[in-house]
Amino acid sequence: MPDLLTLADLGRASVFALWLPVLVWSVVAVLAEAALRASRAGAPLSLPIRGAVLAALPLAFALPASLKALAPDAARAVTALTTEVTWLPGIAVGAQPVDVAPTLSGLDVVLGLVVVAAIGLAGIRLAHVAHAAWRAHTTRRRLPSASAEAAAAVETARIRFGVTRAVVAVEGPANTPPFTLGWRRPVVALPPDLRPEALEVAAAHEVAHVRRADYAWHAVQQVVEAVFAAHPLVGVLGRGLNLDRERAVDAAVLTACPDRRRAYADLLFSYAALPAPPLALGAAWGSSSLKTRIDAMTRPLSPARARLFGHLGRLLGLVVLAAAVAGATLASPSPAVATVTSTLAAPADTTDVVEVADEMPVLIGGLEGLMGRVEYPELQRRAGVEGRTVLQFVVSTEGTVEQLVVARSSGNDGLDEAAMAAVRPSRFEPGRVDGEPVRVRFAVPITFRLPAEAETVGQAEPAPRPQASDPEGDPDVMAVVDEQPRLIGGLAGLQERVTYPPLARDAGIEGQVIVQFVVDEQGSVQDAVVLRSPDDMLSEAALRAVREARFEPGRQGGVAVKVRFAVPITFRLPEVED
1080 MPDLLTLADL GRASVFALWL PVLVWSVVAV LAEAALRASR AGAPLSLPIR
1130 GAVLAALPLA FALPASLKAL APDAARAVTA LTTEVTWLPG IAVGAQPVDV
1180 APTLSGLDVV LGLVVVAAIG LAGIRLAHVA HAAWRAHTTR RRLPSASAEA
1230 AAAVETARIR FGVTRAVVAV EGPANTPPFT LGWRRPVVAL PPDLRPEALE
1280 VAAAHEVAHV RRADYAWHAV QQVVEAVFAA HPLVGVLGRG LNLDRERAVD
1330 AAVLTACPDR RRAYADLLFS YAALPAPPLA LGAAWGSSSL KTRIDAMTRP
1380 LSPARARLFG HLGRLLGLVV LAAAVAGATL ASPSPAVATV TSTLAAPADT
1430 TDVVEVADEM PVLIGGLEGL MGRVEYPELQ RRAGVEGRTV LQFVVSTEGT
1480 VEQLVVARSS GNDGLDEAAM AAVRPSRFEP GRVDGEPVRV RFAVPITFRL
1530 PAEAETVGQA EPAPRPQASD PEGDPDVMAV VDEQPRLIGG LAGLQERVTY
1580 PPLARDAGIE GQVIVQFVVD EQGSVQDAVV LRSPDDMLSE AALRAVREAR
1630 FEPGRQGGVA VKVRFAVPIT FRLPEVED
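Put into structure tokens, the structure is as follows:
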């Protein structure tokens, strides 16, 4: 069962993280491939477009992670969202075992199996690519130097195509076509029995690959195809790119050697059925593509049209790349980031929300009512899954729960859903400022923890009653109680005690100070500390005002108790009119 639960969780999590981006990319890939085939576009147009579509797939997954790494301020903003609230208590839920038949979503399990299979296939294909790279390296090192005629042909082609780095000519193995290995230090392997005309065009073909840096692009393509080997469209695009690359080189060779068309065609026919070494770029890329290449050579583009289509292809490739990456990235938003973004981007819903009120909301039914609604999900309980979910919400002026979101996930969707199901129907006595109901932001951490001791046969002892534990770990301090502490004199009295430090005012220092403290059984402030502050001077002023505050103590079951509290104090200078 734990294995099936793991597969189900993986499948459920992969819907937004994997399947939706892949689906969006697939739509773009199908449209692009269909358009290229319908138009019978030449290599100058189809090569950059197919390359852009293939590159969009890994970029769609790499871009969100890169943006997160490049935007630490956004990460800090998410953290700040959960610290600027008044916390309800952590609730430990230790459900007693019940005979509930576990149910699993078959679709989630299937999706999880597919993801595992895709990862396994990617691992196998990557191992093949690594082995091919090792074989290419060893092949390159053991090939003997080419004849003087072959070396001269390669040097002539290097000068003709304007290649500035050295190109080494070697003698290729028996029963292999001409091929190229390497990018920064390229090696061109030529068969020893080529006639002078064939030697010229073979050298031109391989040096044209060097000029275009095709070996590097081909190696990257092999890695991408290996990682996404489970997707059939990736193989289709890869084969199309291989053909486009050879067609582009064919055109370059015939432009450089216009009087060698027959010799070049004979060369391709001669080696069409012979395989090149792993990762090498061979002159003949299989017999299946030979007819397409010959057809393209019989209807060559003029140099001007080839350049025009090349520019157009690169432009369209960038457009397709941007569309595919944007679509796939937007299809997989991070739930936590999306929630925070929507909250911050909706000022109409948040401008009247306060963090601390004169009279804080009171939970109707108390903690017992809330704890009674929290149910440990049976599948997670049987699998031994534990975790802590932090929920954030707003208590409306009617006392209902609004804008309920997961501020920090437990890492398990089932636990998060159970926590939200318990908090959503909660009802409060609304908070008040100056006697008027106001909306107050709250957060509650709910901890799902299984009993530490093993079950015993016979009459089970009642489970210990969960306590309203303090997030800081002090058992004598409550985080929330039936009756929250009430600030004597209200917020207006606290504001009157806050003095803007003259030095900070003159220096134009502004910002918000978050002060955390404990209201003891007599209503006095203890253990006041600054959680966040832009400046030490503002911290001292805020601490001084908070330490002078007096509260009506909080009560649990009618008994005065210590309660941990937090208050944000904002220092803002008046705007100076011009």
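Position 316 (the sequence shown) corresponds to 1395 in this note's numbering; numbering is contiguous. Yeah, the Cβ is synthetic: ideal placement off N, Cα and C, and Gly gets one too.
* From residue 1251 to residue 1218, what does the alpha carbon distance come to, in whole angstroms? -> Taking the sequence shown and counting its residues from 1, the one referred to as residue 1251 is at position 172. Taking the sequence shown and counting its residues from 1, the one referred to as residue 1218 is at position 139. Approximately 10 Å, taken between the alpha carbons.
* Buried versus exposed call for residue 1216 [16 or more other C-beta atoms within 10 Å across all chains shown] -> Position 137 of the sequence shown, counted from the start, is the residue given in the question as residue 1216. Exposed: under 16 other Cβ atoms inside 10 Å.
* To do: With DSSP collapsed to three states, give me the class of residue 1266.
  => For the purposes of this step, residue 1266 is identified with residue 187 of the sequence shown, where counting begins at 1. In this structure, residue 1266 counts as strand in the three-state DSSP scheme.
* Span of the beta strand (DSSP E) holding residue 1633? -> Start at 1 with the first residue of the sequence shown, and residue 1633 comes out as number 554. That run of the beta strand (DSSP E) goes 1633-1635.
* Asked: Got a sec? Which residues, its chain only, sit under 8 Å from residue 1111 by beta carbon, not counting five neighbours each side?
  -> Here residue 1111 refers to the residue found at position 32 when the sequence shown is read from its first residue. Within the same chain, residue 1111 has close Cβ partners 1128, 1129, 1132, 1399.
* Asked: Whole-angstrom Cβ separation of residue 1474 and residue 1519, contact assumed at under 8 Å?
  -> Locating residue 1474 in the sequence shown gives position 395, where the first residue counts as 1. Locating residue 1519 in the sequence shown gives position 440, where the first residue counts as 1. 5 Å between Cβ atoms; contact.
* To do: Would you list the residues sitting across from residue 1224 in a DSSP beta bridge?
  => Looking up residue 1224 in the sequence shown gives position 145. Answer by DSSP bridge pairing, in chain order: 1249.
* Asked: In this structure, what does DSSP give as the bridge partners for residue 1591?
  -> Start at 1 with the first residue of the sequence shown, and residue 1591 comes out as number 512. Beta-bridge pairing links residue 1591 to 1649.
* When you compare only the Cα positions, how much space is there between residue 1259 and residue 1361? -> For the purposes of this step, residue 1259 is taken as residue 180 along the sequence shown, with counting starting at 1. For the purposes of this step, residue 1361 is taken as residue 282 along the sequence shown, with counting starting at 1. Approximately 7 Å, taken between the alpha carbons.
* So does the region 1320-1331 actually touch the region 1279-1291, counting three or more Cβ pairs closer than 8 Å? -> yes
* **Pick from 1602, 1650, 1622 that is closest to residue 1632, judged by C-alpha positions** => Working through the sequence shown from its first residue, we reach residue 1632 at position 553. It is 1602 whose Cα lies nearest to the Cα of residue 1632.
* Residues that residue 1259 bridges to, as DSSP identifies them -> The residue given as residue 1259 occupies position 180 in the sequence shown. Paired residue(s): 1267, 1360.
* Asked: Got a sec? Which residues, its chain only, sit under 6 Å from residue 1637 by beta carbon, not counting five neighbours each side?
  -> The count along the sequence shown starts at 1 and reaches residue 1637 at position 558. So no residue of the chain qualifies.
* Excluding the 5 residues preceding and the 5 following residue 1674 in the sequence, name in chain order all residues of the same chain whose CB lies nearer than 8 Å to its CB. => Any property of residue 1674 remains undetermined from this structure, which presents the chain solely from 1080 to 1657.
* Can the beta-carbon of residue 1576 be found less than 9 Å from the beta-carbon of residue 1501? -> As a first step, residue 1576 is located in the sequence shown; it is residue number 497 there, counting from the start. As a first step, residue 1501 is located in the sequence shown; it is residue number 422 there, counting from the start. Not a contact, by the Cβ cut-off of 9 Å.
* Asked: What three-state label does DSSP hand residue 1586 in the structure shown?
  -> Mapped onto the sequence shown, residue 1586 falls at position 507. Reduced to three states, the DSSP call for residue 1586 is coil.
* Classification of residue 1510 by the beta-carbon crowding that lies within 10 angstroms, buried from 16 upward -> For the purposes of this step, residue 1510 is taken as residue 431 along the sequence shown, with counting starting at 1. So residue 1510 counts as buried.
* Asked: Would you say residue 1352 reaches chain D, if we count a Cβ-Cβ gap shorter than 9 Å as a contact?
  -> The structure shown contains no chain D; it holds only a single protein chain.
* To do: Could you say which of 1626, 1594, 1353 lies nearest to residue 1646 if we only look at CA atoms?
  => Along the sequence shown, one-based indexing puts residue 1646 at 567. The shortest Cα separation from residue 1646 among 1626, 1594, 1353 belongs to 1594.
* Quick one: is residue 1106 buried, meaning 16 or more other Cβ sit within 10 Å of its Cβ, or exposed? -> In the sequence shown, residue 1106 corresponds to position 27, counting from 1. Residue 1106 comes out exposed.
* **C-alpha distance - residue 1207 paired with residue 1457, whole-angstrom precision** => Taking the sequence shown and counting its residues from 1, one reaches residue 1207 at position 128. Taking the sequence shown and counting its residues from 1, one reaches residue 1457 at position 378. Cα to Cα, residue 1207 sits roughly 43 Å from residue 1457.
* To do: Using 10 angstroms around the beta-carbon of residue 1567, count the other beta-carbons present and answer buried if the total reaches 16, otherwise exposed.
  => Here residue 1567 refers to the residue found at position 488 when the sequence shown is read from its first residue. Result: exposed.
* **Terminal residues of the beta strand (DSSP E) in which residue 1468 lies** => Counted from its first residue, the sequence shown places residue 1468 at position 389. Looking at the DSSP string, the run of the beta strand (DSSP E) that includes residue 1468 is 1466-1474.
* So what does residue 1510 bridge to, in DSSP terms? -> To locate residue 1510, count along the sequence shown from 1; it is residue 431. The partner list for residue 1510 (beta bridge, DSSP) reads 1517.
* Excluding the five sequence neighbours on either side, which residues of its own chain have a C-beta within less than 6 Å of the C-beta of residue 1156, listed in chain order? -> Taking the sequence shown and counting its residues from 1, the one referred to as residue 1156 is at position 77. With a pLDDT of only 29 at residue 1156, under 50, the local geometry of the prediction cannot be trusted, and the value read off the model is given with reservation. If we look at residue 1156 and ignore the five residues flanking it on each side, it has no Cβ neighbours.
* Asked: Can you check whether the CB of residue 1279 is closer than 9 Å to the CB of residue 1344?
  -> Locating residue 1344 in the sequence shown gives position 265, counting from the first residue. Locating residue 1279 in the sequence shown gives position 200, counting from the first residue. Result no, Cβ atoms of residue 1344 and residue 1279 do not sit closer than 9 Å.
* **N- and C-terminal bounds of the alpha helix (DSSP H) containing residue 1482** => Sequence index remark: in the sequence shown, residue 1482 carries index 403 (1-based). Per DSSP, residue 1482 belongs to no alpha helix (DSSP H); it is in the beta strand (DSSP E), 1480-1487.
* To do: For residue 1353, name the three-state secondary structure that DSSP assigns.
  => The residue labelled residue 1353 in the question sits at position 274 within the sequence shown. Correct three-state label for residue 1353: coil.
* **CA nearest to the CA of residue 1354, picked from 1254, 1295, 1445, 1089** => Counting from 1 along the sequence shown, the entry for residue 1354 is found at position 275. With distances taken between Cα atoms, residue 1354 lies closest to 1254.
* Is residue 1348 helix, strand or coil by DSSP? -> Here residue 1348 corresponds to residue number 269 of the sequence shown, with the count starting at 1. Residue 1348: helix per DSSP, three-state reduction.
* In three-state DSSP terms, what is residue 1528? -> In the sequence shown, counting from the first residue as 1, residue 1528 sits at position 449. If DSSP states are grouped into helix, strand and coil, residue 1528 belongs with coil.
* Does the distance from the CB of residue 1467 to the CB of residue 1526 come in under 9 Å? -> Translated into positions along the sequence shown, residue 1467 becomes position 388. Translated into positions along the sequence shown, residue 1526 becomes position 447. In this structure, residue 1526 lies closer than 9 Å to residue 1467 by Cβ.
* **residue 1286 vs residue 1239 beta-carbon contact at 9 Å** => Your numbering for residue 1286 matches position 207 in the sequence shown. Your numbering for residue 1239 matches position 160 in the sequence shown. Yes, they are a contact pair.
* Is the distance from the Cβ of residue 1093 to the Cβ of residue 1323 below 9 Å? -> Looking up residue 1093 in the sequence shown gives position 14. Looking up residue 1323 in the sequence shown gives position 244. No, Cβ-Cβ distance for residue 1093 and residue 1323 is not below 9 Å.
* Specify, as a first and last residue, the run of the beta strand (DSSP E) that residue 1605 falls within. => Here residue 1605 refers to the residue found at position 526 when the sequence shown is read from its first residue. Start and end: 1604-1611.
* On a CA-only basis, which of 1117, 1515, 1630, 1101 is nearest residue 1135? Give me that one, please. => As a position in the sequence shown, residue 1135 is number 56, starting the count at 1. Nearest C-alpha to residue 1135: 1101.
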